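Read through the structure below, which is laid out as structure tokens, and then see the notes.
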Amino acid sequence: MTATTDGSAGAAGPATATTAELHRTATTAPVETDLRTAAETAMRRSVEHLLGRQDAEGWWKGDLETNVTMDAEDLLLRQFLGIRDDATTEATALFVRGEQRDDGTWATFHGGPGDLSATVEAYVALRLAGDAPDAPHMARAAAWVRENGGIAASRVFTRIWLALFGWWKWEDLPELPPEMIYLPSWFPLNLYSFGQWARQTIVPLTIVSAKRPVRPTPFALDELHTDPLRPVPPRALAPANTWDGLFQRLDRALHGYRRVAPRALRRAAMNAAARWIVERQENDGCWGGIQPPAVYSLIALHLLGYDLGHPVMRAGLDSLDRFAVRREDGARMVEACQSPVWDTCLATIALADAGLPPDHPALVRAADWLLAEQVVRPGDWAVRRPGLPPGGWAFEFHNDTYPDIDDTAEVILALRRVRHPDPARVDAAIARGARWTLGMQCRDGAWGAFDADNTSHLPNRLPFCDFGEVIDPPSADVTAHVVEMLAHEGRAHDPRTRRGVAWLLAEQDPRGSWFGRWGVNHLYGTGSVVPALTAAGLPTGHPAIRRAVAWLEAVQNDDGGWGEDLRSYRDEKWVGRGASTASQTAWALLALLAAGERDSAAAARGVAWLAGTQREDGSWDEPYFTGTGFPWDFSINYHLYRQVFPLTALGRYVHGEPPAGRGR
């Protein structure tokens, strides 16, 4: 049996007699008619469910669930700005309490281990909400924090939030000088050495670091220190001839520079950073469509004198309010981001592959909305590609500064599946998108997510950067989506496509899988790469394809599904192992179907699992997190993944693979 996140045997969920019968059929001698009927029924129900979730404007968006640090930091921001209200506090606390585990901790993904920083931040949020430190649930949390090193062992971001209220000393944090705004793009550790998500966060934090504000604290946090009299245990520096030792000494030098920094230069640097921030505020008031840059930008600008009534501040706060999801029980969950472009293009592909007519009104509305979302002005990506005309798509409702290559590839694939009444408009948009995507190819032939050649490993060495990946190197899943798109655009033999194919083949893991950067994990990577390689012309008998099939067959769960736990990012024994989920089962099926394995026992069992675990309303349950922000450090449960990917897999099982080379 396959292990689940809690170490128990893998389970497919509540099974009916029909489900069990399908599983037995798939395991021995599949009866094609029965399985096809079950697949068609599940597909039709899924189509109706997904159509019912489309917004009148044409887009889809599922909740984007992460962890309680988003909610805790939202309360801390409101406390810092003096705008925390009882209703928001109570609704947030209701959600945070509901996410606490029996051992008193909070995890960063469903079924995962307790996380120190998440537990510290959740605990502080509940203290703000009035929960007493001697309440049983609070005492359990505090005891666990102390047992695991206390506040001193938490990540830098957590300690920055605590420093804002005097619960941690600023001098015991890494220094971030605002003068780095002046470093040219060719200089090591300049702003554009960081991935876009880190860059947007670092710039406002340089202002916060320079100002070192401290707001009055409503209570102490002595119970979260291993020794309240010595909250910062002394630590020896790493040897000077190591990267860690070098950057620790650099940080000490920057602390020394702070004492002698020319005031005029520092003031000018902070003003330059503020202009950089304001210039990148999007039309909806957010920054990059993600939570961390938004909260730190609001704090930084407020420290520079922007009052809460200023249009920039007002729009920023309003944007964060739109990230709040109200649950039926009154709890308030804060999304780290919103994914309408991504969800819409995936839903369009799923519905088209399930046989919805290409001129169906729902698909045309989706295409119209996607066409209007194309980014037609330069963003930060132009620093590395200054002569490249724009034309990409972003992930969110409003994010013209940071379109991404993954969304652009998938939007183009979606648009090609729609028979739009204005085909010339579609062709022009696709031409712009494909040109921009090709221009963003990295030197090694692959593609990253937001920038080209963002591969320096120096940023990851900084003492500040302990919160996850801070650079944007090429990944197999993004590269695969681009290769698949180029193949469908008739560019399978383009030398740039072939370089992408060669890179993918070289990146295959010895076990036969591919690492998944933006989805969990080898199942996502393999489910992305195999369809791309076969679309680009690799025969299904190619050794790389055969190795991938063998790996998928080897890690299939006894219940017929597939699952992979997030711990696979840290522990190899979890690679391809975990409780079966709808999205991960679909990824495995997409690879098998592309590899010509439609009639295999593995594919039949996977289809039977999807058909048998579908809910009556045409949806699937999926509490497990199968999306990735930073491998291991930040995990995502995309609530629409459990709908769009199973529908795509069922559609391709029933109707076959979409033909390649249809683009003009």
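Going by the numbering used here, the sequence shown opens with residue 677, and the numbers climb by one from there.
Ideal Cβ placement from N, Cα and C applies to all residues, glycine included.
Fair warning: this is a prediction, and the values are worked out from it, not measured in the lab.
Residue i versus residue j - alpha carbon distance
{"i": "arginine 1092", "j": "tryptophan 736", "result": "18 Å"}
{"i": "alanine 1211", "j": "alanine 1336", "result": "6 Å"}
{"i": "glutamine 1117", "j": "leucine 740", "result": "29 Å"}
{"i": "leucine 1269", "j": "leucine 727", "result": "25 Å"}
{"i": "proline 854", "j": "serine 1189", "result": "43 Å"}
{"i": "valine 800", "j": "alanine 748", "result": "7 Å"}
{"i": "aspartate 1153", "j": "leucine 1180", "result": "9 Å"}
{"i": "glycine 985", "j": "alanine 798", "result": "29 Å"}
{"i": "glutamate 1160", "j": "isoleucine 1088", "result": "10 Å"}
{"i": "phenylalanine 841", "j": "proline 889", "result": "8 Å"}
{"i": "leucine 1114", "j": "arginine 1108", "result": "10 Å"}
{"i": "alanine 1028", "j": "leucine 1022", "result": "10 Å"}
{"i": "arginine 803", "j": "alanine 811", "result": "11 Å"}
{"i": "arginine 700", "j": "alanine 1030", "result": "Here the model assigns arginine 700 a pLDDT of 37, short of 50, so the residue's position is not dependable, and the following value carries that caveat. In a straight line, the C-alpha of arginine 700 is about 26 Å away from that of alanine 1030."}
{"i": "glycine 1213", "j": "proline 1207", "result": "10 Å"}
{"i": "arginine 925", "j": "leucine 980", "result": "30 Å"}
{"i": "valine 1102", "j": "asparagine 947", "result": "42 Å"}
{"i": "histidine 725", "j": "threonine 713", "result": "18 Å"}
{"i": "alanine 1122", "j": "alanine 783", "result": "34 Å"}
{"i": "serine 1015", "j": "methionine 1009", "result": "16 Å"}
{"i": "histidine 978", "j": "alanine 874", "result": "21 Å"}
{"i": "valine 1040", "j": "serine 1259", "result": "25 Å"}
8 Å contact criterion, which residue i and residue j should meet: CB distance rounded
{"i": "phenylalanine 1143", "j": "phenylalanine 833", "result": "5 Å"}
{"i": "leucine 1316", "j": "glycine 738", "result": "3 Å"}
{"i": "isoleucine 857", "j": "leucine 849", "result": "No, isoleucine 857 and leucine 849 are not in contact; Cβ-Cβ is about 19 Å, not under 8 Å."}
{"i": "valine 1196", "j": "glutamate 1240", "result": "6 Å"}
{"i": "threonine 1202", "j": "alanine 1224", "result": "5 Å"}
When the options are compared against residue i, the one with the closest alpha-carbon
{"i": "glutamate 899", "options": "Ala808, Arg943, Gln872 and Gly1067", "result": "Ala808"}
{"i": "threonine 1304", "options": "Ala950, Pro1186, Tyr1314 and Glu851", "result": "Tyr1314"}
{"i": "glutamate 1298", "options": "Arg891, Gln1319, Ala896 and Ala1058", "result": "Gln1319"}
{"i": "glycine 992", "options": "Pro909, Arg1222 and Gln957", "result": "Gln957"}
{"i": "leucine 852", "options": "Arg942, Trp1018, Leu1326 and Thr765", "result": "Arg942"}
{"i": "tryptophan 1263", "options": "Thr1216, His1218 and Arg1328", "result": "Arg1328"}
{"i": "alanine 1090", "options": "Asp779, Gly1006 and Trp1018", "result": "Trp1018"}
{"i": "phenylalanine 1321", "options": "Arg891, Asp1005 and Thr1024", "result": "Thr1024"}
{"i": "glycine 1176", "options": "Ala815, Glu733, Ser1151 and Pro1065", "result": "Ser1151"}
{"i": "phenylalanine 1306", "options": "Leu1162, Ser1276 and Gln872", "result": "Gln872"}
{"i": "phenylalanine 627", "options": "Gly1236, Phe1126, Ala1007 and Phe1301", "result": "Given a span of 677 to 1340 for the chain in the structure shown, any question on residue 627 remains unanswerable."}
{"i": "histidine 1157", "options": "Trp1194, Pro987 and Thr1302", "result": "Trp1194"}
{"i": "leucine 1323", "options": "Phe1301, Leu1266, Ala1271 and Glu1273", "result": "Leu1266"}
{"i": "serine 885", "options": "His931, Pro915, Pro904 and Pro894", "result": "His931"}
{"i": "glycine 964", "options": "Asp1083, Thr918, Phe1073 and Leu865", "result": "Phe1073"}
{"i": "aspartate 779", "options": "His813, Val772, Arg760 and Leu757", "result": "His813"}
{"i": "tryptophan 1112", "options": "Asp1098, Ala1128 and Pro1097", "result": "Ala1128"}
{"i": "threonine 918", "options": "Ile1312, Leu1138 and Arg1172", "result": "Leu1138"}
{"i": "phenylalanine 895", "options": "His901, Trp843 and Ala914", "result": "Trp843"}
{"i": "arginine 729", "options": "Gly1068, Ala1038 and Val936", "result": "Ala1038"}
Cut-off 6 Å between Cβ atoms - residues of its own chain near residue i, not counting five sequence neighbours on either side
{"i": "threonine 781", "result": "Gly790, Thr795 and Trp820"}
{"i": "valine 1059", "result": "Ser861 and Tyr868"}
{"i": "leucine 1047", "result": "Ala1105"}
{"i": "alanine 1226", "result": "Gly1188"}
{"i": "isoleucine 1147", "result": "Gly871, Asn1130 and Pro1135"}
{"i": "glutamate 766", "result": "none"}
{"i": "glycine 1272", "result": "Thr1216"}
Neighbourhood of residue i by C-beta distance below 8 Å, restricted to the same chain and skipping five residues each side
{"i": "serine 793", "result": "Thr745, Ser830, Arg831, Phe833 and Thr834"}
{"i": "aspartate 682", "result": "Confidence at aspartate 682 is low in this model, with a pLDDT of 35, below 50, so the placement of that residue is unreliable and no value is reported for it."}
{"i": "alanine 1100", "result": "none"}
{"i": "valine 971", "result": "Glu749, Asp750, Leu753 and Leu996"}
{"i": "serine 1244", "result": "Val1196, Asn1197, His1198, Trp1250, Val1251, Gly1252, Arg1253 and Gly1254"}
{"i": "alanine 1342", "result": "It is not possible to answer for residue 1342, since the shown part of the chain is limited to 677 through 1340."}
Close beta carbons around residue i, own chain, < 7 Å, minus the five adjacent residues each side
{"i": "alanine 691", "result": "In this predicted model, alanine 691 has a pLDDT of only 34, less than 50, meaning its place in the structure is not dependable enough to derive any value."}
{"i": "alanine 1012", "result": "Leu740, Thr742, Met746, Ile966 and Gln967"}
{"i": "alanine 1178", "result": "Gly1121"}
Residue i Cβ short of 7 Å to the ligand FMN heavy atom set
{"i": "histidine 1331", "result": "For the ligand FMN, the structure offers nothing, since it holds no ligand at all."}
* Please specify which runs of the alpha helix (DSSP H), each continuous and at least 4 residues long, are wholly inside the region 838-893, giving them in chain order. => Taking only runs of at least 4 residues, the alpha helix (DSSP H) segments lying wholly in the region 838-893 are 872-887.
* To do: Ignoring anything shorter than 3 residues or poking outside the region 1282-1308, list the beta strand (DSSP E) runs there in chain order.
  => As far as the region 1282-1308 is concerned, its whole beta strand (DSSP E) runs of at least 3 residues are 1303-1306.
* Asked: Can you list the alpha helix (DSSP H) stretches of 4 or more residues lying completely in the region 801-831, in chain order?
  -> Fully enclosed alpha helix (DSSP H) runs of 4 or longer: 812-823.
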